[in-house]
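Read through the structure below, which is laid out as structure tokens, and then see the notes.
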Amino acid sequence: MDLQILLLLGQDGITNGAIYALLALALVLVFTVTRIIFIPQGEFVAYGALTLASLQAGKVPGTVWLLLVLGCLVALLDGIALVREGRYRKLPPLLIANIGVPLLCAAGLFAIPPTELPLWIQVVVSMLLVVPLGPMIYRVAYQPLAGASVLVLLIVSVAVHVAMIGLGLLFFGAEGSRTPAFTDLSFELAGAPLQGQTILVVVASAVLIIGLYFFFERTIYGKALRATAMNRTGARLMGIPPILAGKLCFTLAAAIGVFSGILIAPITTIYYDSGFLIGLKGFVGAIIGGLASYPIAALGAILVGLLESYSSFYASAFKEVIVFTLIIPVLLWRSLTSTHVEEEEE
Amino acid sequence: MYKKLTLAVLTALSTMALADINVGVSLSATGPAASLGIPEKNTIALLPTTIGGQKVNYIVLDDATDPTAATKNIKKLIGENKVDVVIGSTTTPNSLAMMDVAVDNETPLISMAGSAIVVEPMDAKRQWVFKTAQNDAHMATALVQHMTDKNVQTVAFIGFADAYGEGWFKEFAKIAEARKLKVVASERFQRNDTSVTGQILKIMAAKPDAVLVGGAGTPAALPQKALKEKGYKGLIYQTHGVANNDFLRVGGKDVEGAFLPVGPMVVAAQLPNDNPVKKSAMEYVAKYEAVHGKGSVSSFGGHAWDAGVLLQSAIPLALKKAQPGTKEFRKALRDALENSKNLAGAHGIFNTSANDHQGFDQRARVMVTIENNAWKLIK
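Here the protein sequences come in this chain order: A and B.
If you read the first sequence in this note's numbering, its first letter stands for residue 209, the second for the next number, and so on.
If you read the second sequence in this note's numbering, its first letter stands for residue 114, the second for the next number, and so on.
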């Protein structure tokens with residue numbers, strides 16, 4: 209192994225690690241605020257990438273239908289509650305947000321052939337189609353069980369994950385897709401070629417992480433999420449509705465997932481079931497951070513990326529084994545150092 | 114009373130005499146092998162519904178690329194649907210799983226899987242199993258031949274980290290060694306990997322004259338893309354597992370110039386007119402494209418078509434010996450399947466025998482290259 213190979217492997221590891229880091233942050237965010245281990249996080253990556261690919265192939269992505277169905281379901285569930293409580297004035301905004309906007313999106317897609325749109329509008333449309341699925345899934349699958357134990361929420365997560373994989377196969381088919389590169393730039397760095405797309409992934413991830421930092425530190429919603437993460441009951445007493453916190457963090461998590469998917473779609477082929485493995489590697493990063501610490505989770509995810517890259521060079525057949533074995537010493541160390549709290553007895 | 118009874122017996126007999134031939138099909142229309150299973154499923158719908166004057170029913174089940182589901186399917190087909198013959202499955206593990214059930218019930222099984230292990234070595238079990246896809250070894254010899262013709266001395270391998278990649282590596286390494294080709298690197302990757310940079314760097318450090326990608330379907334495009342990206346200048350070979358249009362779509366300009374062996378059906382229109390396979394291959398291509406659109410045909414559907422070709426030649430012979438739905442008919446069908454002589458399928462000429470349940474020869478493969486995002490026959 210010479211310096212050039214070392215650099216190239218490092219570059220590859222950091223690129224993948226940057227994506228895992230974003231997913232790890234989303235997982236930590238969702239867990240701290242709602243105590244949900246969000247297994248379907250990876251599916252948003254696949255949905256985002258494949259929706260964009262469908263748009264570029266000139267097809268109406270299947271996610272439109274999911275958006276419409278889930279939107280109607282949410283409107284129905286919330287609508288019944290509003291009618292029962294007699295809060296009729298809240299009905300129109302509810303209907304507009306959950307049915308009107310998806311319908312408008314769908315109509316727009318049928319009216320304008322998506323292939324004629326510039327790339328950035330296609331990206332925006334993909335975000336608009338997939339990101340609202342996050343809060344809708346929270347409303348339908350998790351909100352009725354918000355007070356349940358971590359285990360029950362985990363079981364629901366598994367169910368949502370399996371359902372989303374199946375729907376992904378239905379929407380996008382069994383074969384994968386790749387989107388054209390955002391940039392064809394290429395540099396030389398210390399004798400190693402460096403793709404513009406790689407830099408874009410790392411820079412975009414870094415910008416997003418910094419953006420999240422400011423969101424949590426400077427905005428009222430970010431602070432509300434942090435407060436809920438620290439103490440749910442206390443936050444509620446201070447007037448932060450837990451439902452709002454849940455929906456907000458699911459929106460953020462979905463946005464992060466879709467954004468990651470759009471970032472890596474030009475680098476690799478994404479399949480309807482690719483998201484799970486990518487999400488799982490983000491999860492290993494999140495576990496290194498104890499599902500609590502953002503910086504450690506991000507660093508852990510980068511470590512996973514690097515480990516993956518170097519092990520693919522030395523022992524390609526055992527790459528996944530090496531990456532996922534990393535979780536054992538981490539868990540061992542965590543269980544020895546942290547005090548154990550029986551959650552059920554709280 | 115007697116009249117009524119005689120009538121009842123006669124009606125029963127006449128319906129028996131007109132009993133339909135039931136063909137059970139289990140294939141992988143969903144799951145990881147779906148890109149192979151879907152064209153197979155489409156092809157089954159094109160097979161003739163009367164053979165030798167008898168009505169033929171096709172009962173198609175999906176096994177989701179899961180051997181357990183495949184076993185369940187064949188049990189259901191034989192137990193509930195009383196089928197006379199089973200076509201399936203798409204993949205090697207599924208076919209092997211179905212084999213035991215077929216043998217226990219003495220029902221002929223026609224597999225569409227790639228590995229030779231489905232029909233070799235010939236033993237009591239495999240007596241009942243036939244196969245329409247070319248053996249991997251068959252394709253590997255064509256690859257090695259092309260490499261030696263191109264003066265390749267050293268070759269590297271990168272394949273799936275599963276039975277497919279492992280099987281290809283074994284076959285390929287064995288034949289390469291016999292022909293004095295040196296395998297200088299052997300790497301593995303997962304079907305859903307997002308990056309193969311590590312493996313590619315290791316391969317490039319070994320400086321091979323050629324690289325063989327042992328993968329199937331669209332995932333096999335990733336190593337070739339990585340090789341191009343890192344500036345690899347040697348020859349790149351793929352296996353016949355990539356011969357579908359999705360591979361061209363996902364690979365784009367990165368897979369230009371790749372060499373691979375395929376069944377002649379893939380380039381049917383480009384075959385010289387004196388090629389014995391051309392006529393039958395063109396017939397299938399025309400039928401498939403009439404329903405599914407131009408350019409929709411893929412190599413895998415051809416294996417299902419060939420299963421139909423075998424049946425069309427064997428069923429009339431078996432009908433002379435016994436009635437459909439009986440044990441004797443299944444036995445007669447098996448014997449007839451074993452005696453196909455110069456039978457032209459979409460992928461080659463079948464000459465089956467008691468020892469060879471595959472029956473293809475050199476005519477069942479051609480070398481192609483990817484040029485302008487299409488398969489081009491190398492003359």
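The beta carbon of each residue, even a glycine, is placed where N, CA and C say it ideally should be.
Since this is a predicted model, take the numbers as computed values, not measurements.
Local Cβ density within 10 Å of residue i, reported as buried at 16 or more and exposed below that
{"i": "Q266 (chain B)", "result": "exposed"}
{"i": "R478 (chain B)", "result": "buried"}
{"i": "S466 (chain B)", "result": "exposed"}
{"i": "V420 (chain B)", "result": "Note that residue 420 (chain B) corresponds to Ala in the displayed sequence, not to Val. A420 (chain B) comes out buried."}
{"i": "V339 (chain A)", "result": "buried"}
{"i": "F318 (chain A)", "result": "exposed"}
{"i": "E396 (chain A)", "result": "exposed"}
{"i": "S202 (chain B)", "result": "buried"}
{"i": "Q475 (chain B)", "result": "exposed"}
{"i": "Q282 (chain A)", "result": "Residue 282 (chain A) is actually Val in this sequence, not Gln. Burial call: buried."}
{"i": "W571 (chain A)", "result": "Residue 571 (chain A) lies beyond the range of chain A shown here (209 to 554); nothing can be said about it."}
Within chain B, the residues that residue i reaches when beta carbons sit closer than 7 angstroms
{"i": "G384 (chain A)", "result": "T331, V363"}
{"i": "E528 (chain A)", "result": "Q303"}
{"i": "L217 (chain A)", "result": "T310, G311, L314"}
8 angstroms Cβ cutoff, residue i in contact with chain B
{"i": "I472 (chain A)", "result": "yes"}
{"i": "S524 (chain A)", "result": "yes"}
{"i": "L452 (chain A)", "result": "no"}
{"i": "T496 (chain A)", "result": "Strictly speaking, residue 496 (chain A) in this sequence is Ile, with Thr absent from that position. I496 (chain A) does not count as touching chain B."}
{"i": "S520 (chain A)", "result": "yes"}
{"i": "I373 (chain A)", "result": "no"}
{"i": "F390 (chain A)", "result": "no"}
{"i": "T213 (chain A)", "result": "Reading off the sequence, residue 213 (chain A) comes out as Ile, not Thr. Yes, its Cβ sits closer than 8 angstroms to a Cβ of chain B."}
{"i": "L485 (chain A)", "result": "yes"}
{"i": "L445 (chain A)", "result": "no"}
Proximal chain A residues relative to residue i, where beta-carbon distance stays under 8 angstroms
{"i": "T143 (chain B)", "result": "L377, A382"}
{"i": "S148 (chain B)", "result": "A382, E383"}
{"i": "E451 (chain B)", "result": "Per Cβ cutoff of 8 angstroms: no residues; E451 (chain B) is ~35 angstroms from chain A at best."}
C-alpha distance - residue i paired with residue j, whole-angstrom precision
{"i": "S546 (chain A)", "j": "L540 (chain A)", "result": "10 angstroms"}
{"i": "I200 (chain B)", "j": "A349 (chain A)", "result": "42 angstroms"}
{"i": "G218 (chain A)", "j": "I510 (chain A)", "result": "10 angstroms"}
{"i": "S409 (chain B)", "j": "N358 (chain B)", "result": "7 angstroms"}
{"i": "A257 (chain A)", "j": "V136 (chain B)", "result": "41 angstroms"}
{"i": "N455 (chain B)", "j": "V390 (chain B)", "result": "11 angstroms"}
{"i": "E402 (chain B)", "j": "Q425 (chain B)", "result": "21 angstroms"}
{"i": "G430 (chain A)", "j": "Q303 (chain B)", "result": "39 angstroms"}
{"i": "D133 (chain B)", "j": "L263 (chain A)", "result": "47 angstroms"}
{"i": "V216 (chain B)", "j": "S453 (chain B)", "result": "21 angstroms"}
{"i": "Q249 (chain A)", "j": "P388 (chain A)", "result": "24 angstroms"}
{"i": "E553 (chain A)", "j": "V309 (chain B)", "result": "For E553 (chain A), the pLDDT reaches just 45, beneath the cut-off of 50, and the residue's location in the model is therefore unreliable, although a value from the coordinates is still provided. For E553 (chain A) and V309 (chain B), the distance between alpha carbons rounds to 47 angstroms."}
{"i": "V297 (chain B)", "j": "K315 (chain B)", "result": "10 angstroms"}
{"i": "Q258 (chain B)", "j": "I230 (chain B)", "result": "23 angstroms"}
{"i": "G243 (chain A)", "j": "V272 (chain A)", "result": "As written in the sequence, residue 243 (chain A) is Arg, which differs from the Gly given in the question. R243 (chain A) and V272 (chain A): Cα-Cα distance of roughly 29 angstroms."}
Cross-chain neighbours of residue i in chain A, by beta carbon under 7 angstroms
{"i": "A334 (chain B)", "result": "T477"}
{"i": "K315 (chain B)", "result": "F521"}
Cutoff 8 angstroms: residue i Cβ touching any chain A Cβ
{"i": "T203 (chain B)", "result": "no"}
{"i": "L325 (chain B)", "result": "no"}
{"i": "T181 (chain B)", "result": "no"}
{"i": "T128 (chain B)", "result": "Low per-residue confidence applies at T128 (chain B): pLDDT is 49, beneath 50, and the placement is therefore not dependable, though the value from the model is reported in the following sentence. It does not; no Cβ of chain A falls within 8 angstroms."}
{"i": "D469 (chain B)", "result": "no"}
{"i": "E153 (chain B)", "result": "no"}
{"i": "A274 (chain B)", "result": "yes"}
{"i": "E284 (chain B)", "result": "no"}
{"i": "E369 (chain B)", "result": "no"}
{"i": "D359 (chain B)", "result": "yes"}
{"i": "A318 (chain B)", "result": "yes"}
{"i": "E300 (chain B)", "result": "yes"}
8 angstroms Cβ cut-off: residues of chain B touching residue i
{"i": "D481 (chain A)", "result": "N305"}
{"i": "D220 (chain A)", "result": "S308, T310, G311"}
Within chain A, partners of residue i - CB distance below 9 angstroms
{"i": "A356 (chain B)", "result": "Going along chain A, no residue has its Cβ under 9 angstroms from A356 (chain B), so there is no contact; the nearest lies around 13 angstroms."}
beta-carbon residue i near the ligand COA non-hydrogen atom, thresh 7 angstroms
{"i": "T533 (chain A)", "result": "In the structure on display, the ligand COA does not appear, and there are no ligands present to speak of."}
Cβ of residue i within 8 angstroms of any chain E Cβ
{"i": "S262 (chain A)", "result": "Note that chain E does not occur in the displayed structure, where the protein chains are A and B."}
> Which runs of the alpha helix (DSSP H) fall wholly inside the region 300 to 366 of chain A and span at least 4 residues, in chain order?
Replying inline: Runs of the alpha helix (DSSP H) inside the region 300 to 366 of chain A: 309 to 319, 327 to 338, 341 to 345.
> What are the start and end residues of each continuous beta strand (DSSP E) run of 3 or more residues lying completely inside the region 342 to 406 of chain B, in chain order?
Replying inline: Secondary structure in the region 342 to 406 of chain B: the beta strand (DSSP E) runs of 3 residues or longer, each lying completely within the stretch, are 348 to 351, 372 to 375 in chain order.
> Taking the runs of the alpha helix (DSSP H) that are 4 residues or longer, which of them lie wholly in the region 407 to 457 of chain B?
Replying inline: DSSP runs (the alpha helix (DSSP H)) wholly in the region 407 to 457 of chain B: 412 to 434, 440 to 450.
>> List, from N- to C-terminal side, the alpha helix (DSSP H) runs of 4 residues or more that fit wholly inside the region 520 to 552 of chain A.
In response: The region 520 to 552 of chain A contains these whole alpha helix (DSSP H) runs: 527 to 533, 535 to 545.
> In the region 126 to 156 of chain B, which residue ranges form an unbroken beta strand (DSSP E) of at least 3 residues, counting only runs that do not cross its ends?
Replying inline: Runs found: 134 to 140.
> What beta strand (DSSP E) runs, 3 residues minimum, are completely inside the region 290 to 347 of chain B?
Replying inline: Annotation: the region 290 to 347 of chain B contains the following complete segments of the beta strand (DSSP E) (minimum length 3 residues), in chain order: 295 to 302, 323 to 327.
> Which full runs of the beta strand (DSSP E) of 3+ residues lie inside the region 366 to 412 of chain A, going along the chain?
Replying inline: Within the region 366 to 412 of chain A, the runs of beta strand (DSSP E) that reach at least 3 residues and sit entirely inside it are, in chain order, 394 to 397, 400 to 403.
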